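Chemist: Chains as they are written, first to last, in numbering that gives the first Met the number 0: chain A, 0 to 327; chain B, 0 to 368; chain C, 0 to 262. Just so you know, even glycine gets a beta-carbon here, dropped at the ideal spot from N, CA and C. Values in this document were obtained by computation on a predicted structure and should not be read as measured data.
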Amino acid sequence: MTYDASTRRDGQTIGRKTADRTFWGRLSSWGPYHALMRLVTASPRRQFLILAALPVLWVLTQHLGPMLQMLRVSLTDAYPVAPGVEQSFTFDNYMRFFGDSIFWMPFFRTLTFAAVFTFCTLIITYPVAYFLARHVSRRNQMLMLLLLLIPFWVGEIVRTYAIMILLGNTGAVNLVLRFFGLIDRPIPFMYTSFSMGVGIVYLTALYMLLPLYSALEKLPKSLNEAAADLGAGAWTRFRRVTLPMTIEGISSGCTLVFLISTGFYATPVLLGGPSTTVFAETIAGFFHVAGDQWPTGAAFATIMFLAALIITGAFQKLMNMLRKGDTK
Amino acid sequence: MTKLIYNRRRFLGTAAATGALLASPAYLRRASAQSGGEVNIWTYNDFVPEAFKEQFEAETGIKVNVRLVDDQGKQFNLLAAEQPNPTVDIMTVAGHRFLQFIDSELLAPLDTDRLSNWGNINPTFSESDWSTINGNKWGAPILSGMEVLSYNTDYVTEEEALTWDTLFSEKYKGQTAYIIQDMMSIVMLMKGYDGNMVAYMDDPEKAAAIVEEAKNFLIEHKSLVRKYYDGGAEFQQMMVNQDIVLGHSWNGPAAALINDGFPLAMTIPREGSYGFVYTYNIANNAPNVDNAYTFLDAILASPEIGAAMTKASGFISTYKGADQYLTELERKSTSFPEEQLANLQFFRAEANDMKYKLVDPAVEAVKAA
Amino acid sequence: MNRGNRIFLSCFYWAFVLYVFVPLLLMVLMGFKDSNFIGFPIRSWTLDWYTGVFNDAEVLSTFGYSIAIAVLSTLVSVFVGTWIAVLLQGRSFLGRTAIFGLTVLPALVPGIISAIAFRIYARWLGIEPGMGAIVWAHAVHNVPFVALVVMARLSTLPKSQIEAARDLGADPFIAFSRITLPYLVPAILGASIFCLLLSFDDFVRSFFLGGYEPTLPVLIFAKLRSGMSPEINAIATVALILTAVIGIWAERFTRRANKESDA
């Protein structure tokens, strides 16, 4: 970058010729722009306000707004409002969850599944991210990453049906196993927690891969080399150098995947079985039937959301403690 | 209303034909078709035959906008979210869901005097008792569906399929599937009760006890079932993948499999079963009411159109004489022996409020057990 | 790292790639099946489904519609997301955690809930269902991802560079445009690709907020009602190939552009 001596803070310009040639030079010496900048930077406070205006407004109206509306609906007793019906404020929808134990099973099951599948996703994608960040040349990293991204351009539904064809009784896996004479009756993979897991990990792998990859990519190779010089074996190097330094990546990846996993609806419904009902299904049920169940659905969704937030909050705290503990 | 002549096209060729007929992409077409106005329809895939739609547009200048919905609940949600000014003119409500829509004032009564082709519908459907509520008709019946027992003929005999009990037998453990909510009604029927619950409208305690009994039955037999499903496509895939060989399904998806040459057959078991009817309805405060009636009258014009709907969806047409235009195989997949049809009743809407208040939690309980 | 570990990792990576691609291969394969349903065994083959996709004006226009929505919503979410990231990564202020939490919020809410919430909200605001509503919903949903990615990148920008620019007389906007922004380009590009993908793939928001023109996932879901057919597989395959081609071309393009700018 060339130092453009044509503009100085006191507003005086010298050497106009060079100034006129670059776009930025011309812009900064343009009257209206200059005046605008003066206005904006009049005080640090004003500058901050202008910077913050759009984000804060956006976040409050677009992010919070719909959620507040959903919260409002969850506290009413009828929505949409049928003509001639009075809408009133009530906690009943929330009480319904706490009062009826049949909802607790899918609720805790969902949280458990989410945790287990998050862990599985972590175990599966960490080596992949490691390989990408360390053993692939910089040039090819983007391409390899893109390669893995491509399948995610296929819709969730089509991919899920493809998994059915993979795991079904006359699916690819069973056909191959029978062809090699390893089994004579098909193994019922489908409609179990296994098939559901295959589908969910498939969907969340990307969300875990990217944070892990970016965390691993930033690791200076020198640290590992230094540890090796000091006599540490491969596993020790990993455990005491690489792993602790990627805790942040692990943490954000797991949080994201956990939260998203609690919300999956289509894949568990299509790939799961009678014993794997997830809470999202319960919630969706309230929106699928009669109109006056929306508030209950909204309430249940809020409960699930809050529970997931609490768990991930606790997890984050744990990770932070681990991180701090390690630097002792 | 002039009778529109329906030209037959090969199902596969429809896509190509559509491409040939349309000179420009959809969004450009909309901009230019201002002359006759438009009509907005929400319906299931293939319920409006493509060729019919093109001819209608060509002959009347009215642009037909079809939005595909895939279940009744979603349709209700969408419509409710649009009140009081819906964007839709014609919807496809299943007959036994009428009350839910009517109570929320989402439908307008159907003025059958404006439909000169109303008489083309088989009176079994158009004049049946579920179709008249508060003295009005609320929809034009177009396709009829039923809950059937479908089985893979390579593995299950017709004998076995004549009773619902086979679905809960040890022999087919892990090879069956059903829709829980529909099954609740059928189990009640199996046990000799009224699955529509109309008979117990004045006796809520008895109703609750019956639902409890049905629920416990399903929970008892939960270990035998392979999958609880919701959509026809899931059922079809399970059959094709041979993950199941026997199951409860709607006749539409099963017929589609049969038409494709899959070794499948259906029965209405001797304990009985329920049927439902899809209807075209006019929305309350619809933006293009006149065009809606024009469209309805046109689509009811000939049995060939009814046959086209059957070919595409697998459900049975309500038009008189539609089966003449079906192939041998299609006729086979959309008809049942007389003695089985005698066991069929229609779903009724009167007790739905009470019924679903009891059944829905029961369904949750079965899923959670 | 010794050879043994390397080989193990390499095998693991390619096993993962296999896991990710095999279902796709099956999808492509099924598009050739001469039947109305997918599944093994495939008794006869046909090209009709694939050729049908290119002849089907409805599918093609739906594809274009989905792409248009993806591009528009990505533009919005990248703009807003980057702005938010710059705010959050700057100096600390009261309520920063709250704003951060709110920023991330849309990503955490389950799809169907979010979609219905938006539908209700849209009605309250008077937004008609249709392309605008979908673009809006997608943009809002994608902002968290943009913000997170850009924030991560931004945190590695040495503050000294900005300070140097300011000392040399640049005002904040110029400093941002000439130093920060170019530095953020990789992150912004990565976030854009992610957003395009999320938007293109989205079903539930497009369904509830769409009008009479379906997006590709909505169309597929509607066709699904008549059964998962080779037609749907063919459509998905063609969409996949087209987007893969665009993606790879984009990667090549940015790689070349980066090379030039580094020179």
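Of the residues C:162, C:255, C:226, which one's Cα is nearest the Cα of residue 44 of chain B?
Modeler: The shortest Cα separation from residue 44 of chain B among C:162, C:255, C:226 belongs to C:226.
Chemist: State the DSSP-derived secondary structure class of residue 86 of chain A, mapped to helix, strand or coil.
Modeler: In this structure, residue 86 of chain A counts as coil in the three-state DSSP scheme.
Chemist: Name the residues in the region 257 to 273 of chain A whose C-beta lies less than 9 Å from a C-beta of chain C; which are they?
Modeler: Within the region 257 to 273 of chain A, the residues whose Cβ lies closer than 9 Å to some Cβ of chain C are 258, 259, 261, 262, 263, 264, 265, listed in chain order.
Chemist: Where in the region 124 to 173 of chain C do unbroken runs of the alpha helix (DSSP H), each at least 4 residues long, occur, reported from the N-terminal end onward?
Modeler: 130 to 153, 158 to 166, all fully within the region 124 to 173 of chain C.
Chemist: Can you find a CB in chain A that lies within less than 7 Å of the CB of residue 242 of chain C?
Modeler: Yes, because at least one Cβ of chain A sits closer than 7 Å to the Cβ of residue 242 of chain C.
Chemist: Thinking C-beta only, is residue 49 of chain A closer than 7 Å to residue 364 of chain B?
Modeler: No. Outside cutoff.
Chemist: Which of helix, strand or coil does DSSP assign to residue 93 of chain B?
Modeler: Strand at residue 93 of chain B.
Chemist: Any idea what DSSP makes of residue 341 of chain B, helix, strand or coil?
Modeler: Three-state DSSP puts residue 341 of chain B in coil, outside helix and strand.
Chemist: Measure the CB-CB distance between residue 271 of chain B and residue 188 of chain B and report whether it falls below 7 Å.
Modeler: Yes, the Cβ-Cβ distance between residue 271 of chain B and residue 188 of chain B is below 7 Å.
Chemist: Does the separation of the CB atoms of residue 39 of chain B and residue 87 of chain B fall below 7 Å?
Modeler: Closer than 7 Å, so yes.
Chemist: Mind checking the region 206 to 237 of chain B against chain C and listing, in chain order, the residues whose C-beta falls within less than 8 Å of any C-beta there?
Modeler: So the close ones are 230, 231, 232, 235, 236.
Chemist: If the cut is a Cβ gap below 7 Å, which residues of chain B does residue 222 of chain C touch?
Modeler: The contacting residues are 44.
Chemist: Identify which residue in C:49, C:32, C:121 has its Cα closest to the Cα of residue 135 of chain C.
Modeler: Of C:49, C:32, C:121, the residue nearest in Cα terms is C:121.
Chemist: Take every Cβ of the region 205 to 225 of chain B, pair it with every Cβ of the region 19 to 32 of chain C, and state whether three or more of those distances are shorter than 8 Å.
Modeler: Counting Cβ pairs under 8 Å, fewer than three are found: no touch.
Chemist: Return the chain-ordered ranges of every alpha helix (DSSP H) run that is complete within the region 266 to 324 of chain B and spans a minimum of 4 residues.
Modeler: Entirely contained in the region 266 to 324 of chain B, the alpha helix (DSSP H) runs reaching 4 residues are, in chain order, 288 to 298, 302 to 312.
Chemist: Starting from residue 37 of chain B, trace the beta strand (DSSP E) both ways and give me its first and last residue.
Modeler: Note, residue 37 of chain B: beta strand (DSSP E), 37 to 42.
Chemist: Indicate the three-state DSSP secondary structure (helix, strand or coil) for residue 189 of chain A in the structure shown.
Modeler: Coil at residue 189 of chain A, not helix or strand.
Chemist: Please classify residue 63 of chain B: does DSSP put it in a helix, a strand, or coil?
Modeler: Correct three-state label for residue 63 of chain B: strand.
Chemist: What are the start and end residues of each continuous beta strand (DSSP E) run of 3 or more residues lying completely inside the region 114 to 179 of chain B, in chain order?
Modeler: Correct list: 139 to 151, 175 to 177.
Chemist: What residues are listed by DSSP as bridge partners for residue 114 of chain A?
Modeler: For residue 114 of chain A, which the question treats as bridged, DSSP gives no partner whatsoever.
Chemist: What's the gap between the Cα of residue 111 of chain B and the Cα of residue 159 of chain B?
Modeler: Their backbone Cα atoms lie some 44 Å apart in a straight line.
Chemist: In the DSSP assignment, what residue or residues form a beta bridge with residue 32 of chain C?
Modeler: DSSP output for residue 32 of chain C lists C:44 as bridge partner(s).
Chemist: In chain order, what residues of the same chain have a beta carbon less than 8 Å from the beta carbon of residue 369 of chain B, not counting five sequence neighbours either side?
Modeler: As displayed, chain B neither begins before 0 nor continues past 368, which places residue 369 of chain B out of reach and without an answer.
Chemist: Are three or more beta carbon pairs between the region 343 to 362 of chain B and the region 283 to 291 of chain B nearer than 8 Å?
Modeler: At 8 Å Cβ cutoff, the stretches do not touch.
Chemist: Residue 231 of chain A by DSSP, collapsed to three states: which one?
Modeler: Coil at residue 231 of chain A, not helix or strand.
Chemist: Between which residues of its own chain and residue 62 of chain C is the CB-CB distance below 7 Å, once the five residues before and five after are set aside?
Modeler: Closer than 7 Å at the Cβ level, and outside the excluded window around residue 62 of chain C, lie 215, 238.
Chemist: Please state whether DSSP places residue 199 of chain B in a helix, a strand or coil.
Modeler: Looking at residue 199 of chain B - three-state DSSP - the assignment turns out to be helix.
Chemist: Is it true that the CB of residue 162 of chain B sits closer than 7 Å to the CB of residue 269 of chain B?
Modeler: Yes, the pair counts as a contact, with Cβ atoms nearer than the cut-off.
Chemist: Using a Cβ-Cβ distance cut-off of 7 Å, determine whether residue 67 of chain B contacts chain C.
Modeler: Closer than 7 Å: yes.
Chemist: With 7 Å set as the bound, which would you pick, yes or no: does the beta-carbon of residue 211 of chain C sit closer than that to a beta-carbon of chain A?
Modeler: Chain A, which has no Cβ nearer than 7 Å to the Cβ of residue 211 of chain C, makes this no.
Chemist: Answer with yes or no whether the minimum CB distance from residue 277 of chain B to chain A is below 7 Å.
Modeler: For residue 277 of chain B, the answer is no, since every Cβ of chain A falls outside 7 Å of its Cβ.
Chemist: Using a Cβ cut-off of 7 Å, pull out every chain A residue sitting near residue 344 of chain B, in sequence order please.
Modeler: Going along chain A, no residue has its Cβ under 7 Å from residue 344 of chain B, so there is no contact; the nearest lies around 22 Å.
Chemist: Please list the segments of the alpha helix (DSSP H) lying wholly inside the region 30 to 85 of chain A, counting only runs of 4 or more residues, in order along the chain.
Modeler: Counting whole runs of 4 or more residues, the region 30 to 85 of chain A contains the alpha helix (DSSP H) stretches 30 to 39, 43 to 57, 64 to 73.
Chemist: Among B:46, B:50, B:49, B:61, which has the Cα closest to the Cα of residue 288 of chain B?
Modeler: Of B:46, B:50, B:49, B:61, the residue nearest in Cα terms is B:61.
Chemist: Does the beta carbon of residue 177 of chain A come closer than 7 Å to any beta carbon on chain C?
Modeler: It does not; no Cβ of chain C falls within 7 Å.
Chemist: Which residues in chain B sit within 7 Å of residue 160 of chain A, going by Cβ to Cβ distance?
Modeler: Going along chain B in sequence order, the residues near residue 160 of chain A (Cβ under 7 Å) are 236.
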